[in-house]
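The sequence shown lines up with residues 1 to 715 when you count with full-length UniProt numbering. A virtual CB, placed ideally from N, CA and C, is assigned to each residue, including glycine. Take a look at the structure set out below.
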Amino acid sequence: MADACCGPDPSAQDATEVHESEQRLWHVRDLQIAAAAALLLAISWLIGRTAAGTAVALVAAIIAASTFVPNTAVNLRHGRIGVGTLMTIAAIGAIALGQINEAAMLGILFSVAEGLEHYAVTKTRRGLRALLALVPPTVSVLRGGREVTIEPDELTVGDRMLVRPGERAATDGTIAAGTTSLDLSAITGESVPVEAGPGDQLHAGAINGGGAIEVDVTARASDSSLARIVHIVEEAQDRKGSGQRLADRIARPLVPAIMVLAALVAGMGTLLGDPMLWIERALVVLVAASPCALAISVPLSVVAAIGAASRNGALVKGGAALEELGRITVVALDKTGTLTAGAPEVIDVVTTPGTTREQALSAAAALESRSEHPLARAILDAAETVDPADDVTAVAGHGLHGTHRGVVLRLGKPGWVEPGALAADVDRLQREGATVVLIERGGVVVAAIAVRDQLRPEAPEAIRQLTALGIETAMLTGDNHRTAQALAGQVGIGIVHAELLPEDKARLLPDIARGRHIAMVGDGVNDAPALATANIGIAMGAMGTDVAIETADIALMGEDLRHLPQVLTHARHARAVMLQNIGLSLAIIGVLIPLAATGVLGLATVVFVHEFAEVLVIANAIRAARTTPLPGQPEIPRTTGQLNVSIAPPRHDLGDACCTPAPAPLTLNKREGTPPTMLTLTTPHPTKADGESDGGCSCCETADPEPIETHQRGT
């Protein structure tokens, strides 16, 4: 809001680009100008109240005013009246009244406040730009049977990338050859490496922590998940939350109102006393009532908080979502893919006499081979052979039926297929938290297959953390009541609604909320209606789910459910900072206006107090980026210095050569922004010592260790 803020018009691209490239505080142009003006003002004080001293002070005032007067003129030409207008009028008026030193002081402090604001915004956005730096400058690809090095922008879908240990992936792809462990900490915030092999997805920015892998490119670098994240966060930073809109609503009419108030002070005072005295007080009122701190307080808090959230594995789509998240007191969670890993497994097969486990799974797989149901993959993985059935028809919400080798088959949930003699086993399996499907061959039930989606290991801890925050939790699932209740009991959720269709979940949310602010956590596909209905929709695993990113207000990039209480805590902290800034900004204006209008405070004092208070607001806004680990989630300490590791491998009798092969290289992965760590790895290199014997096997000499290139991994 250039018309109500002390900063320059953001449409001025050159200035924006300059500030975006600032890396050090002393590089900020406004601060450099303020320092030059302050030096000249100090020289004028040393010279004293002479013509030369006054001239130097006037130059200082003009130099300081150069940071905001040109932009004020541009805004006025476009019909915009902002804080810069107030400051320009006050500076010109002070010079006209002969208060040149005060005018210079006003310009210097205002320039300092502008410079600190620009520096703060640049600093909070630097974490977002660091995401783009995760893409390596070059990438190795296999073309025409040979390896070539190209830039990431030259990658095309279908290329075969070669990613060596310690390298980052330049774009998204599918691992075609090789196994490794992937460090996703810089992307998802998860510190534990993920094992990956052929068929697994690789996301841009991931660090290869193991062996060399070949990856089939599935997206251009400009369309990768990493580029998509940056684009979304950039858009989010432009959206405004209700707190930010409140600041806008206050600041925009306040600027012309202040000008009217100053005119009234000057006019009424002129009728009562010395016109010059009251004109001077009117100028002081202009400065005292300028809402610059109010105008920048909430936007800067939003930028800081969203940038910090993106670095910690959460995409927050704007200030509105951030502020609303800070109000959440109820969280509803989907079961499959949210509380569970989303990978169902067959845990038991109960058959009737005359039917084997293999026959039951084969019959079920014959039908499921034509199905897209989540349970189908579990059954197909468990079956030894798959011979697809004919005329397979899906009955929504119930199951499948078809024919296989002339025999009619049915597979479905209890109730649609009667369990018969297997009723007791079905009841037992459901109490254990499994989803049970029944197989019917020729009108006779022959087996019950129990499938269970395993609970995420961190889910109970995440629910405990939510409860500790005073947040009530509920489970919404399409699974049966017994399975849902069993799983809810394991994680500690008391409110359970089961056997729901997608529209049922959306309909139930207001009843669960009971007038409170509620968030829905799901996978962003089947839960889309509920995600849209809730005050806040939160999608899990956004690194691989486009629909989740588009549907939800917030997307957790990783698969660790503990990111949920972490982002809720962060949002509450950020909202508290916003409210503090609004209150502080209004308090500054409310106190300074009467003191300025009555002459208690002069121009120099008001300028100093006003700009100092603005610096406090900026500093407080930056606090919105601070994240505090929850209980059970201690921060990994930053490591610096030198680490010496000595590995003494055991000796093995290998006949003529008892030497131990050198161990595989030890790799430590370094996260961006951490200082380098030196690692010395001492290990014997096998060299046979001729002519020596020790118990029937040759001895080994120890050669000097070869240096091993390592990368530090820290947070």
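* Asked: From Q104 to V600, what does the alpha carbon distance come to, in whole angstroms?
  -> Here residue 104 turns out to be Ala, not Gln, going by the sequence shown. Distance between the alpha carbons of A104 and V600: 21 angstroms.
* Asked: Touching or not, the segment 203-222 and the segment 134-152, by the rule of three or more beta carbon pairs under 8 angstroms?
  -> yes
* Asked: Taking the alpha-carbon positions, what's the Q99 to V112 distance?
  -> 20 angstroms
* Is it true that the CB of I512 sits closer than 8 angstroms to the CB of I493? -> no
* To do: Keeping to the same chain, check which residues put their C-beta closer than 6 angstroms to that of R575; ignore five residues upstream and five downstream.
  => E323, G326
* Per-residue burial, A64 [other beta carbons within 10 Å of its own, 16 or more giving buried] -> buried
* **N-terminal and C-terminal residue of the beta strand (DSSP E) that I538 is part of** => 536-540
* Asked: Per the contact definition of three or more C-beta pairs closer than 8 angstroms, is the segment 504-522 in contact with the segment 327-337?
  -> yes
* Beta-carbon proximity list for A263, same chain, < 6 angstroms, skipping 5 on both sides -> none
* Going along the chain, which residues of its own chain have a beta-carbon closer than 7 angstroms to the beta-carbon of T483, five neighbours each way excluded? -> Q430, G433, A434, T435
* To do: Report yes or no: do the segment 572-589 and the segment 64-79 share at least 3 C-beta pairs separated by less than 8 angstroms?
  => no
* To do: Determine the direct distance from the alpha carbon of L561 to that of A534, and round the result to whole angstroms.
  => 19 angstroms
* Asked: Do I518 and I328 have their CB atoms nearer than 8 angstroms?
  -> yes
* Asked: Going by beta carbon distance, what residues of the same chain come within less than 7 angstroms of A376, once the five residues before and after it are set aside?
  -> E368
* Out of curiosity, what's the CA-to-CA distance linking L300 and V617? -> 9 angstroms
* To do: Can you give me the start and stop residues for the beta strand (DSSP E) that M520 sits inside?
  => 518-522
* Asked: Rounded C-beta distance between A539 and L556? I'm assuming under 8 angstroms.
  -> 7 angstroms
* Asked: With burial defined as no fewer than 16 other Cβ atoms inside 10 Å of the residue's Cβ, what is the status of R311: buried or exposed?
  -> buried
* To do: For R514, count neighbouring Cβ atoms within 10 angstroms of its own Cβ and tell me buried if that reaches 16, exposed if not.
  => exposed
* Measure the alpha-carbon distance for V417 versus L400 and round it to whole angstroms. => 10 angstroms
* Option nearest E147 by Cα separation, candidates E154, R160, T156 -> R160
* Cβ-Cβ separation, G442 to V408 (assumed contact under 8 angstroms), whole Å -> 6 angstroms
* **Spatial distance of G489 from A459 (CA atoms)** => 12 angstroms
* Bridge partner(s) assigned by DSSP for S140 -> T149, L162
* Asked: Do E345 and R456 have their CB atoms nearer than 8 angstroms?
  -> no
* Mapping DSSP to helix, strand and coil, what is V135? -> coil
* Asked: DSSP three-state call for Q99: helix, strand or coil?
  -> coil
* Taking only the alpha-carbon atoms, compute the straight-line gap between V607 and A37 and give it to the nearest angstrom. => 16 angstroms
* CB-CB under 8 angstroms to L422, same chain, minus the five flanking residues each way: which ones, in chain order? -> V350, T352, L438, V445, A447, A448
* Asked: Taking 8 angstroms as the CB-CB limit, is M557 close to chain D?
  -> Annotation note: the requested chain D is absent from the structure, which comprises a single protein chain.
* A153 vs S225 beta-carbon contact at 8 angstroms -> Looking at the sequence itself, residue 153 is Asp, so the reference to Ala does not match. No, the Cβ-Cβ distance between D153 and S225 is not below 8 angstroms.
* Asked: Hey, how far is the Cα of A90 from the Cα of A320?
  -> 35 angstroms
* Asked: Does the beta-carbon distance from L76 to T85 come in below 8 angstroms?
  -> yes
* Asked: Hey, how far is the Cα of H27 from the Cα of G107?
  -> 19 angstroms
* Proximity winner among M578, T598, H610, V577, relative to I589 (alpha-carbon distances) -> H610
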